[in-house]
Structures are given as structure tokens and as C-alpha cells.
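Using our numbering, the letters of the sequence shown map in sequence onto residues 2 to 96.
Just so you know, even glycine gets a beta-carbon here, dropped at the ideal spot from N, CA and C.
Quick caveat, the model's predicted, so the values are computed rather than measured.
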Amino acid sequence: MAIDDHEITQAAADDIDGILDLQERNQPERGGTLSARLPREWLEAAVADMPVIVARKEGQVAGYLISASREAYAGVPLVTAMLRAYPGATSDAYV
């Protein structure tokens with residue numbers, strides 16, 4: 002799908018470097034608001050597990066949306082705290 006000059010599509014393994022770069026540029030110590038730093042291995046598993054969506058502008062990753070199973074997020078402190086506060090209504094819920 003294309004919106005204006007952005008392409009929105011399901012991520013592939015080739016997008017992981019762009020996701021990592023965008024994630025790093027948006028960490029709190031750089032003025033961003035991301036609250037977790039997801040490692041390459043985790044992202045590779047996420048892309049293989051459930052749909053990860055990327056927006057590209059001029060061939061570069063400009064945004065991303067990750068969906069993953071609850072088990073995949075088990076080691077991410079922010080998500081662990083969120084799931085303690087609200088575990089979801091069903092056992093097959095995902096983040």
C-alpha cells in the first residue's frame with residue numbers, strides 16, 4: 002500500500018537493519034520516547050513469528066509496528082509490567 006510518498010508493507014528480514022537504526026535514533030537519551038531496546042535476534046524472531054509492519058520513504062524504514070506473542074515479550078521489562086497490570090482477557094492475546 003502506498004500513502005503519499007510512503008510505502009506500507011509487511012517487514013522482511015532485509016528491513017531489520019532499518020528498524021534497528023530507527024529504534025536507536027528514537028531512544029530517550031536522544032530525545033525520543035521509545036522505552037525498550039529490542040535486539041536483532043529478537044526482531045528476527047518477531048518478523049518470523051507474526052506480522053511486523055514497516056513504512057518506507059525513499060526506500061528507508063520510516064516507521065514500524067511490531068506484533069508478537071506474549072511469550073516473545075517475556076523479557077521486555079516494560080511489557081512485563083504492562084501485562085502484570087492488565088494480562089488480557091484470553092490466553093491467546095498478543096501484544
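Nearest-angstrom Cβ-Cβ length linking residue i and residue j, presumed shorter than 8 Å
i, j, result
"A56", "A47", "Not a contact, Cβ separation roughly 17 Å."
Contact check, residue i vs residue j, beta carbons under 8 Å
i, j, result
"Q11", "P52", "yes"
"A73", "D93", "no"
"I17", "R41", "yes"
Boundaries (first-last residue) of the alpha helix (DSSP H) holding residue i
i, result
"E45", "R41 to D50"
"A56", "Premise fails: A56 lies in the beta strand (DSSP E), V53 to K58, not in any alpha helix (DSSP H)."
"T81", "P78 to A86"
Closest Cα partner of residue i within the set the options
i, options, result
"S70", "L44, K58, E59 and D15", "L44"
"Y65", "D5, G19 and D6", "G19"
"I67", "L21, D6, E8 and H7", "L21"
"D5", "T34, K58, A86 and P29", "K58"
"V77", "G89, P29 and S36", "S36"
"E8", "I54, R85, A86 and A14", "I54"
"D15", "G60, R31 and E30", "G60"
First through last residue of the beta strand (DSSP E) which encompasses residue i
i, result
"L66", "Q61 to I67"
"Q24", "It is not in any beta strand (DSSP E) - Q24 instead sits in the alpha helix (DSSP H) that spans I17 to R26."
"T91", "T91 -> no beta strand (DSSP E), and no H or E assigned at all."
"E72", "Element bounds for E72: n/a, residue is neither H nor E."
Environment of residue i [buried if 16+ CB atoms lie within 10 Å]
i, result
"L79", "exposed"
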